[in-house]
Amino acid sequence: MKASPTPERLLAHADAALRSAMAAATARTPSRLAKAAAGAAYLDLWACERLLRADGGIRSASARFLVPRLLMESVDGLTVLLGTELHRASRASAEYRRRARLLGEAMWHPDHEERLMAVVERLSLPLYGDDRLSRPMTSVRPMSLPTALHRMLDDLERERRQLIDDCALSEGSPTARDWARADRYALLTAAAACVDDWQRRKGHRQHRLADLTRLVGALSRLAVRLDREPAGPDAELSGALFDEADLYCRTSSVVVRTARSAARQLAGV
């Protein structure tokens, strides 16, 4: 059996898919939903890159489990941006279809159950030490945070504490409930990685507003997947990142071939 692509390779596929979709759709004025789809793909790409950077790279059980799904979902959503261009024979459209197919194959690779079980096994042990979820989502005082971000982080912190309590009650053999916990664990780990990156950079005044907009958008998408309240409608939050995504895609006409080079180009790095 051929090994599944690494999360870094999947980042490269998603990066190329976003660039290709944006290039294929240049002749059309994007609708509100099309802008939201592009912004959503950009945000998920950004969040996955933060997870990889913070949680052990290709050795991260959370990344190996979560990255394929997040990127496949958001890249599939780019069909809204492409519209009728999706099935055309143009080079950009064909490249988008190829990358989307590779992401789908990675998501349903025969080892997908193994990736899930690696996270389930992690949750069979207490969350302590260097596990990011052993610590609160943020150490920043609530009064220092924008209201929308504070409320969402408060909600995510409650989810983190609930997950820890639920894991303590976990039974010996894996159940469907354990699989759901694994999903929550991976999503919360990704959210924490985004928050940590923002806290590390928030002293840089020139990046402050863009970083905050990006963080709120990315966390909102993760919160929805956790059945928690986002900071606002996804169409608005993701759509607000369209111009940034467009600028990002115009920074280079060369298809990114490694996630390492993609990571250097991602806004906010």
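Count along the sequence shown from 1, add 2, and you get the number used in the working numbering. Beta carbons: idealized from backbone N, C-alpha and C, even for Gly.
At least 9 Å separates the beta-carbon of residue 19 from that of residue 93. Around the CB of residue 217, 16 or more other CB atoms lie within 10 Å, so the residue is classed as buried. Residue 236: member of the alpha helix (DSSP H) spanning 236–241, first to last residue. In this structure, residue 23 and residue 104 do not form a Cβ contact; the two beta carbons are roughly 14 Å apart against a cut-off of 8 Å. The three-state secondary structure of residue 187, taken from DSSP, is helix.
Scanning 108, 248, 138 and 81 for the CA closest to the CA of residue 99 turns up 81. Counting C-beta pairs closer than 8 Å gives three or more between the segment 183–196 and the segment 222–238, which meets the contact rule. Within its own chain, the residues whose Cβ lies closer than 7 Å to the Cβ of residue 108, once the five positions on either side in sequence are excluded, are 6, 7, 12 and 70, listed in chain order. In the structure shown, residue 4 falls within a coil segment according to DSSP collapsed to helix, strand and coil.
C-alpha of residue 163 to C-alpha of residue 30: approximately 46 Å in a straight line. By the Cβ-count criterion, residue 44 is buried, with 16 or more other Cβ atoms from all chains shown falling within 10 Å of its own Cβ. Nearest C-alpha to residue 161 among 136, 177 and 178: 136.
Buried is the label assigned to residue 37, since at least 16 other Cβ atoms lie within 10 Å of its Cβ. Excluding residues up to 5 positions away in sequence, 34, 35 and 38 lie with their Cβ nearer than 7 Å to the Cβ of residue 237 in the same chain. Between residue 183 and residue 199, the gap from beta carbon to beta carbon reaches 9 Å or more. The three-state secondary structure of residue 142, taken from DSSP, is coil. For residue 160, the uninterrupted alpha helix (DSSP H) run begins and ends at 149–170, by DSSP.
Boundaries of the alpha helix (DSSP H) harbouring residue 106: 93–109, taken from the DSSP string. Under the three-state reduction of DSSP, residue 130 is assigned to coil, being neither helix nor strand. Check the Cα spacing between residue 212 and each of 232, 242 and 77: the tightest is with 242. Each residue's CA atom was taken as its position, placing residue 120 and residue 26 some 38 Å apart.
Rounded to the nearest whole angstrom, the CA to CA distance from residue 74 to residue 16 is 8 Å. Per DSSP, reduced to three states, the secondary structure at residue 31 is coil, with no helix or strand assignment.
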